[in-house]
Structures are given as structure tokens and as C-alpha cells.
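Here our numbering is used: the first residue of the sequence shown is 49, the next is one more, and so on.
The beta-carbon is built from N, C-alpha and C at its ideal position, and this holds for glycine as well.
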Amino acid sequence: MPDIEGHALQDLPLDELMACHECDLLMRREPVPLGHRSVCPRCGYELEIHRPHMVRRALALVLTALFLYIPANFLPIMHITILGQTSMDTVWSGVVGLYHSNMAGVAFLVFLCSMVIPLLKLLCQLFVLVSIRYKALREHGMLLLRGYQHLREWGMLEVYLMGILVSIVKLIGMAELHVSVGLACFVGLLLTQVWLEVTMSHHQVWGELCGEFDDASH
Ligand SMILES: [Zn+2]
Numbered sequence: 049m050p051d052i053e054g055h056a057l058q059d060l061p062l063d064e065l066m067a068c069h070e071c072d073l074l075m076r077r078e079p080v081p082l083g084h085r086s087v088c089p090r091c092g093y094e095l096e097i098h099r100p101h102m103v104r105r106a107l108a109l110v111l112t113a114l115f116l117y118i119p120a121n122f123l124p125i126m127h128i129t130i131l132g133q134t135s136m137d138t139v140w141s142g143v144v145g146l147y148h149s150n151m152a153g154v155a156f157l158v159f160l161c162s163m164v165i166p167l168l169k170l171l172c173q174l175f176v177l178v179s180i181r182y183k184a185l186r187e188h189g190m191l192l193l194r195g196y197q198h199l200r201e202w203g204m205l206e207v208y209l210m211g212i213l214v215s216i217v218k219l220i221g222m223a224e225l226h227v228s229v230g231l232a233c234f235v236g237l238l239l240t241q242v243w244l245e246v247t248m249s250h251h252q253v254w255g256e257l258c259g260e261f262d263d264a265s266h
């Protein structure tokens, strides 16, 4: 393969080169046709994928996630009955409860990681997808996509869900527990976000924002 020999790669411009994220193999970047993907010839890692109708599918998922966001955070996750007293708990009431228990710092962190950042992430993704459709907005879309990549490290819905499941297991012998619609919405929100991450592959979104696929169908 002449393209992976040092002297041949040196002659290529930078935008025609790519490196595998897993094994660092440097190779010539080939355009990926719609509906196909490219994999690293050395380790098999998926390099790029070009999904048909990515923008439409991702928009539907972002709107679904935004629709689930309010019930997931403000509808009861579970009803707990201890000694004849019943209480309903939501994500928001958890934040307020921590604040009133003199744990303002923890309350702020939970509020940030389980409510503010997931919402900001969704709004960034929505704007990025809209900006792909409108060329005048693409520069702002690139800025927000960079911001989104930083926010990803701070959204911790998975950790919060794990906390809910652990509390359910711990409380099950001590109290009467009934899971509520809020938990279903919370799990739905989490799954939709994971699906969205898979659908919005970074290479494809950057390619769309740079106009590489302007002739292809969205
Ligand atoms: Zn590789």
C-alpha cells in the first residue's frame, strides 16, 4: 500500500490525512459514501460513518429528549411510605432537600450536573443541527459544537440514575416503595441521549458544518 509509506504520506496535504484514534495509524482520508463507514485497516476501529438522514433523525431525538426533560426532573420518581407517612421525590425536590439540609455545595453540584448541563447539552445539539440547515449559522454551530464537547464531561445523568437505583435497593426492606412516571421519563431521557450521541457522529457533524456533504441528502 503506497499510501502508508512515509514518503507518499508526506506529499499529501493535511486535510487528506487522518489518524486512527485507537492505534494512531496514519492514512489517506477517503470520502465515505452515504450509508457506509470506514474502519482502520490495522485495528478495525470505526473511523468515519456517513449515516443517511442524520440531521432529521438527530433533530427528532433532540426534541424527544427536550420533551422528556421537564417530566423527568419535576414528576415524582418514587413514592416512599414509612410509618404511614408518604412522600414523593423528584430530582428537583432532591436538590431542594440537599439545600435545606445545609449541603448547599452538594445541592449546587447536583443541580448543575443533573439539570443545567444536560439541558445546555441538548440546546447546543439543537442549535448545531439547525445551523447545519442554515449556512449563515454554521460558524456559530461550530463554536457551540466545541462547547458541547466540553459540556459532555460534566453531564452526569448516568451517575444520578445509578444513585436512584442504589437508594431503591437500600430502601426496599425499610419502606414501601412505588416507582412513578418520573423514573420512566428519566430513563427515557437517558436512553434518548445515548441514542443521540451515537446518531450524531462527530466526523459527520463536523463534515456537515464544513459543507462537505452539501450535495448529499440530510
Ligand atoms: Zn487503528
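Measure how close the beta-carbons of L174 and V110 come, nearest whole angstrom, since I'm counting them as under 8 Å.
5 Å
Alpha carbon to alpha carbon, what distance is there between R200 and L146?
24 Å
Among S86, T112, I97 and F261, which one has its Cα closest to the Cα of I180?
F261
Let me confirm a value: I152 is counted as buried when at least 16 other C-beta atoms fall within 10 Å, else exposed. Which label applies?
Residue identity differs from the one stated: residue 152 is Ala in this sequence, not Ile. Exposed: under 16 other Cβ atoms inside 10 Å.
Provide the residue(s) that pair with M136 in DSSP beta bridges, ordered along the chain.
For M136, which the question treats as bridged, DSSP gives the partners H127.
Hey, L225 and L231: beta-carbon distance below 8 Å or not?
no
Test item: CB-CB of P124 and T134 under 8 Å:
Going by beta carbons, P124 and T134 fall outside the 8 Å limit.
Boundaries (first-last residue) of the alpha helix (DSSP H) holding A155:
A152 to F159
Please name the residue in W243, A223, P61 and H148 whose C-alpha comes closest to that of L131.
A223
Inter-residue CB distance, A90 and T247 (contact presumed, cutoff 8 Å):
Inspection of the sequence shows that residue 90 is occupied by Arg rather than by Ala. About 27 Å separates the two Cβ atoms, so there is no contact after all.
Check your reading: residues with Cβ closer than 6 Å to ligand 1 heavy atoms
C68, E70, C71, L73, C88, R90, C91 and Y93
Output yes or no for whether 8 Å exceeds the beta carbon distance between M190 and L257.
It is a contact, given that the beta carbons lie within the stated cut-off.
Between the beta-carbon of L74 and the beta-carbon of S86, is there less than 8 Å?
no
Reference W202, options I212, G221 and K169, closest by Cα:
K169
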